[in-house]
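Peer 1: Numbering (our numbering), first residue to last: 244 to 867.
Please see the structure below; I have some questions.
So, in structure tokens, the structure goes:
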């Protein structure tokens, strides 16, 4: 009886499990059908198209709930239909306020389950983004009053993995601090790696341009300062160099706010620095034009301009954002007077055929057009890109080219005329010695720099060749010396770059050097052989502990657990393969190439044996 009861219980349990499993697919199908049916009944579902290598604007039809902060659409609340980008002024007639933008979207089916990203440029408001009711990303603190709101200036990238082609975005936005408010900058959506690549390219290009311009400014300033001339033209070049410095700094603190990638500054001070740098840049530019030729800028206009700029600097430092932004807006109209003075000054210089009058005219006209263009762009009157920084940088390079040529000619003639006097200078020998000493120090620094791999910080191939050549000769001359050479290769590194990108691959190589260097003996010589290959040189280290040292290196890399999901062997972290060779009194090689070839052969054997291991010449040492 007990056996019969057990059989019946077991049969009932199995039948119940089958029944539950049979119901699960239908439940999923019902859920998917309901989800699809929900979006099919929506009036405005925006179809977004993008590819693996391209992104798409996140534009289309949105619903706007004025003075409502919600995370999901609500049919009970009143809303209006709109399109992004748009300002609060266009929506409600006021730049201040708060509300929620809700949009429904459909993406290609091929990207379901893929990691996507939304790039949100800086917006003139605080915002919170929700995806299907779940929090995604924010900028500042959204609130329904000025006291509770916190504003920031920075771009954001939101990541998500869709489980359906349909999704709903809800963006809560509020503005009580900026002169303009709303979602006025278009957003982009695409594959996460594509969005990240575009963002990194943008920030790297800005940093590179700013670095070049800043370097030009530093060179100009230092050159003029060390030249030590009291001439009016020399002073103008010095002032122009300072103008270039502030121009480069301003570009870091203006949209898309590249400084946010490496500085953590309060949002208000970020805005203040943006305005301060542009005020200082304009101040020194006007000073440069005044010193260059007083026809370009009359004394009273120059004085009034400096006073206006000084007032703006003080107000920017002491007041709130709304106050100094309004003052900046109204102060900008005085530029009309400056432009008229420029026009009259260029007319006089052209009439009198003064030197460089035409080239200065073309350059300043280009600058003025760029400034007017960017002013209209700031007011969202036109849709374009900022040009003032580009045109000003070109003008700076043009001025530098002109001044460099002039100084070169002057220096050439001066040297010819004063050659005899220089030869009679009693301090010539001392100066030569000083210059020689400085050159020697610079050469030492340069010699060290050329030995270091720029990416990883390890020694480079050139330095490795010098080191192993020296140690090879010393080992041959000393019968008690030992020389160990190890070759290392990052396993499946090409697959890593294909999967994560070259920038991430470079980061892994840098981290590997840190991990390996931390566990090697202090006298070990670590170098990048090339690509993902590294080499270790150990001199006068007992051979019995070589296996332990190298195993420690492999274990340290494994322990670091650098993610690698694109391997072919089932492992999910970065590993190394290693081949070792050595020479001592019992084992010798005819030349360095044979020693290195032996290590490379062992490395090949390690790869053939399955990677993530090492091969040494004598297994007895490994066993010991």
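Even for Gly, the Cβ is constructed at its ideal location relative to N, Cα and C.
To the nearest angstrom, how far is the alpha carbon of residue 353 from that of residue 838?
Peer 2: Going from the Cα of residue 353 to the Cα of residue 838 covers about 52 Å.
Peer 1: Between residue 712 and residue 398, what straight-line distance do the alpha-carbon atoms span, to the nearest angstrom?
Peer 2: In a straight line, the C-alpha of residue 712 is about 52 Å away from that of residue 398.
Peer 1: Does the region 539–549 come within contact of the region 510–517, defined as at least 3 CB pairs closer than 8 Å?
Peer 2: Contact fails: fewer than three Cβ-Cβ distances are below 8 Å.
Peer 1: Excluding the five sequence neighbours on either side, which residues of its own chain have a C-beta within less than 7 Å of the C-beta of residue 463, listed in chain order?
Peer 2: Contacts found: 480, 483, 484, 487, 643.
Peer 1: Could you tell me the alpha carbon to alpha carbon distance between residue 854 and residue 754, rounded to whole angstroms?
Peer 2: Rounded to the nearest angstrom, the two C-alpha atoms are 20 Å apart.
Peer 1: Under a three-way DSSP split, which group does residue 705 fall into?
Peer 2: Residue 705 falls in the helix class under three-state DSSP.
Peer 1: Rounded to the nearest angstrom, how far is the Cβ of residue 443 from that of residue 746, given a contact under 8 Å?
Peer 2: Sure, about 7 Å apart at Cβ, within 8 Å.
Peer 1: Tell me which same chain residues have a C-beta within less than 7 Å of the C-beta of residue 699, skipping the five on either side of it?
Peer 2: Taken in chain order, the residues that qualify are 752, 753, 756, 771.
Peer 1: Apart from the five residues on each side of it in sequence, which residues of its chain come closer than 8 Å, Cβ to Cβ, to residue 329?
Peer 2: Result list for residue 329: 425, 426, 427, in chain order.
Peer 1: In the region 750–818, which residue ranges form an unbroken alpha helix (DSSP H) of at least 4 residues, counting only runs that do not cross its ends?
Peer 2: Listed in chain order, they are 789–803.
Peer 1: Which residues share a DSSP beta bridge with residue 346?
Peer 2: 412.
Peer 1: Which partner residues of residue 858 appear in the DSSP bridge assignment?
Peer 2: Its beta-bridge partners are 822.
Peer 1: Let me make sure I understand the geometry here. Which of 369, 363, 293, 412 has the alpha-carbon closest to that of residue 378?
Peer 2: Measuring from the Cα of residue 378, the nearest candidate turns out to be 412.
Peer 1: Would you please state the rounded distance, in angstroms, between the beta carbons of residue 729 and residue 778? I believe it to be under 8 Å.
Peer 2: Indeed, because the Cβ distance is near 7 Å, the residues count as touching under 8 Å.
Peer 1: Helix, strand or coil, according to DSSP, for residue 356 in the structure here?
Peer 2: Correct three-state label for residue 356: coil.
Peer 1: Note down the Cα distance separating residue 582 from residue 530, rounded to an integer number of angstroms.
Peer 2: Taking the straight line joining both Cα atoms gives about 15 Å.
Peer 1: Per DSSP, what kind of secondary structure is residue 730 in: helix, strand or coil?
Peer 2: Residue 730: strand per DSSP, three-state reduction.
Peer 1: Give the straight-line distance between the Cα atoms of residue 813 and residue 790, rounded to the nearest whole angstrom.
Peer 2: Looking at the two C-alpha atoms, the distance is approximately 26 Å.
Peer 1: Just to confirm the assignment: which complete beta strand (DSSP E) runs, minimum length 3, are found wholly within the region 353–395?
Peer 2: Those beta strand (DSSP E) runs which fall completely within the region 353–395 and span 3+ residues are 359–363, 369–374, 377–382.
Peer 1: Does the region 427–440 come close enough to the region 359–367 to have 3 or more Cβ pairs within less than 8 Å?
Peer 2: Short answer: they touch.
Peer 1: By alpha-carbon positions, which one of 309, 314, 331 ends up nearest to residue 321?
Peer 2: Checked all of 309, 314, 331; the closest Cα to residue 321 is 309.
Peer 1: When burial is assigned at 16 or more other CB atoms within 10 Å of the CB, is residue 351 buried or exposed?
Peer 2: Counting Cβ neighbours within 10 Å, residue 351 comes out exposed, since fewer than 16 surround it.
Peer 1: Grouping DSSP H, G and I as helix and E and B as strand, with all else coil, what is residue 397?
Peer 2: Three-state result, residue 397: coil.
Peer 1: Please confirm whether residue 565 and residue 382 have their CB atoms less than 8 Å apart.
Peer 2: No, the Cβ-Cβ distance between residue 565 and residue 382 is not below 8 Å.
Peer 1: Quick one: give me the first and last residue of the beta strand (DSSP E) that residue 326 is part of.
Peer 2: Run containing residue 326: 323–327, per the beta strand (DSSP E) assignment.
Peer 1: From the DSSP output, which residues share a beta bridge with residue 289?
Peer 2: Beta-bridge pairing links residue 289 to 348.
Peer 1: Have a look at residue 294 and residue 749 and give me their C-alpha separation to the nearest angstrom.
Peer 2: Roughly 26 Å separates the two Cα atoms.
Peer 1: Would the beta-carbon of residue 775 fall within 8 Å of that of residue 727?
Peer 2: Cβ distance not < 8 Å, so residue 775 and residue 727 don't count as in contact.
Peer 1: To the nearest angstrom, how far is the alpha carbon of residue 503 from that of residue 496?
Peer 2: Each residue's alpha carbon lies about 8 Å from the other.
Peer 1: Of all the alpha helix (DSSP H) runs that stay within the bounds of the region 510–571, which reach a length of 4 or more residues?
Peer 2: Counting whole runs of 4 or more residues, the region 510–571 contains the alpha helix (DSSP H) stretches 510–535, 542–561.
Peer 1: For residue 460, which three-state DSSP category applies?
Peer 2: Note: residue 460 maps to helix in three-state DSSP.
Peer 1: Which term fits residue 392, buried or exposed, when burial requires 16 or more other beta carbons within 10 angstroms of its beta carbon?
Peer 2: Looking at its Cβ environment, which holds 16 or more other Cβ atoms inside 10 Å, residue 392 is buried.
Peer 1: Note the first and the last residue of the continuous alpha helix (DSSP H) segment covering residue 836.
Peer 2: Its alpha helix (DSSP H) spans residues 835–851.
Peer 1: Where residue 269 and residue 380 are concerned, what is the direct C-alpha to C-alpha distance, given to the nearest angstrom?
Peer 2: Confidence at residue 269 is low in this model, with a pLDDT of 35, below 50, so its placement is unreliable and no value can be given for it.
Peer 1: Using only the alpha-carbon positions, how far apart do residue 534 and residue 525 sit?
Peer 2: Distance between the alpha carbons of residue 534 and residue 525 is about 14 Å.
Peer 1: DSSP puts residue 432 in a beta bridge; with which residues?
Peer 2: Beta-bridge pairing links residue 432 to 299, 361.
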